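Written out below as structure tokens is the structure these notes cover.
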Amino acid sequence: MAMTRRQVVTGFSVLYLLGLTILAAYALRSSHLYSLPIPDVVSACVVALPPLAGVALETVISLNEKLAAKGQLQTSRVFQVTVGFFLVFEAVLATLAGTHISPPGSLTCALGETWQDLFKRKEVERIKRIQDTFSCCGFNSPRDMAFPFPDATHGSDACVVRYEREGACFEPWRDEERKVAIMLLVVPVAVFVWKVAIVLAPSSQSSWLSSHIRLPSDSSHQGSATRRRTLPALGYRDEEGQGEEDSLYKAVTDLNNDSRLATHVESNRARSNGVLNDAARWRDNDE
Numbered sequence: 001m002a003m004t005r006r007q008v009v010t011g012f013s014v015l016y017l018l019g020l021t022i023l024a025a026y027a028l029r030s031s032h033l034y035s036l037p038i039p040d041v042v043s044a045c046v047v048a049l050p051p052l053a054g055v056a057l058e059t060v061i062s063l064n065e066k067l068a069a070k071g072q073l074q075t076s077r078v079f080q081v082t083v084g085f086f087l088v089f090e091a092v093l094a095t096l097a098g099t100h101i102s103p104p105g106s107l108t109c110a111l112g113e114t115w116q117d118l119f120k121r122k123e124v125e126r127i128k129r130i131q132d133t134f135s136c137c138g139f140n141s142p143r144d145m146a147f148p149f150p151d152a153t154h155g156s157d158a159c160v161v162r163y164e165r166e167g168a169c170f171e172p173w174r175d176e177e178r179k180v181a182i183m184l185l186v187v188p189v190a191v192f193v194w195k196v197a198i199v200l201a202p203s204s205q206s207s208w209l210s211s212h213i214r215l216p217s218d219s220s221h222q223g224s225a226t227r228r229r230t231l232p233a234l235g236y237r238d239e240e241g242q243g244e245e246d247s248l249y250k251a252v253t254d255l256n257n258d259s260r261l262a263t264h265v266e267s268n269r270a271r272s273n274g275v276l277n278d279a280a281r282w283r284d285n286d287e
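In full-length UniProt numbering, the protein residues as written are 1 to 287.
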């Protein structure tokens, strides 16, 4: 059985939104795993955005189709409120994600505060996970708040001595934050693009247009053709009722004749004026 256009669009939308959800879930996992200074609530909202948008728009489409089948008014107001809500929601999430991308200087403070907080609370597992993932030691330098923490038996260079690492964690950690933020930014933008595509290119069985401006169906075309056949034929007739079918052509011909006559009269008058002017000049010369 051949699939309808609506089924194809629905299947593509499900796969598209599922891919965006997986991308957002991966970003949430990375943000939490590497203790990035990105609020978990922002990442969680980005994860929830694709399925929520899909369910909401599909519900509005189904409701519109049911009401249209019953000959009732479509729920255009519900559609406008739904689209407006998700537009604001997507803009807020995209803005919050964009603050963790650039400029790079603004990322230093948040990363430094997060690392310092982890160091003060002796978060061994979280700092060790960051250092092991990016093969680094400390924040700004290999001896800056690195694990193992300095104590009576360990100096500030304990990480360098034990793991033989010379690089600091700031640069790779910041790059990871920007990568996660880009993924969180892509998701709401991609959802917005999908929503616009659904609105501007609806399936053959659903339409976002109002019933007053919807294109006529085949049955309406047939009805229009029937009505046109029943209309009496109209022909051009002159004002005097002579019954001439080519009265329009006659009217144009008359206008052309009048134009040529006016041109001829004007040229004769100009010629006459020129003769009179010459006679006047001759008379003045004779005097």
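Backbone N, C-alpha and C define an ideal beta-carbon position, used for all residues, glycine too. Computed from a predicted structure; not experimentally measured.
Residue i (DSSP reduced to helix, strand or coil)
i	result
residue 132	helix
residue 89	helix
residue 111	helix
residue 38	coil
residue 150	coil
residue 198	helix
residue 240	At residue 240, the pLDDT of 46 sits below 50, so the modelled position is not reliable and the matter cannot be decided from this model.
residue 121	coil
residue 48	helix
residue 141	coil
residue 101	coil
residue 157	coil
residue 176	helix
residue 166	coil
residue 10	helix
residue 4	coil
residue 228	The predicted position of residue 228 is uncertain, since its pLDDT is 45 and thus under 50; a value taken from the coordinates is nonetheless stated next. Residue 228: helix per DSSP, three-state reduction.
C-alpha distance - residue i paired with residue j, whole-angstrom precision
i	j	result
residue 122	residue 188	36 Å
residue 146	residue 50	39 Å
residue 190	residue 148	43 Å
residue 80	residue 66	18 Å
residue 185	residue 90	9 Å
residue 126	residue 183	22 Å
residue 28	residue 40	7 Å
residue 10	residue 78	21 Å
residue 107	residue 171	11 Å
residue 18	residue 154	49 Å
residue 116	residue 63	53 Å
residue 160	residue 102	31 Å
Nearest neighbour of residue i, chosen from the options [CA to CA]
i	options	result
residue 192	85, 136, 7	85
residue 132	29, 110, 156, 162	162
residue 24	43, 12, 35, 178	43
residue 8	110, 198, 260	198
residue 33	118, 77, 130	130
residue 13	196, 116, 253, 257	196
residue 20	168, 144, 53	53
residue 118	107, 138, 95	138
residue 114	10, 58, 253, 169	169
residue 111	200, 35, 11	35
residue 128	109, 107, 158	158
residue 167	156, 143, 257, 150	143
Any chain D beta carbon closer than 7 Å to residue i
i	result
residue 24	Protein chains in the displayed structure number just one, and chain D is not present.
Check whether residue i and residue j have beta carbons under 7 Å apart
i	j	result
residue 97	residue 152	no
residue 46	residue 93	yes
residue 100	residue 176	no
residue 288	residue 38	A query on residue 288 cannot be resolved here, the shown segment of the chain reaching from 1 to 287 and no further.
residue 141	residue 165	no
residue 60	residue 82	yes
residue 194	residue 16	yes
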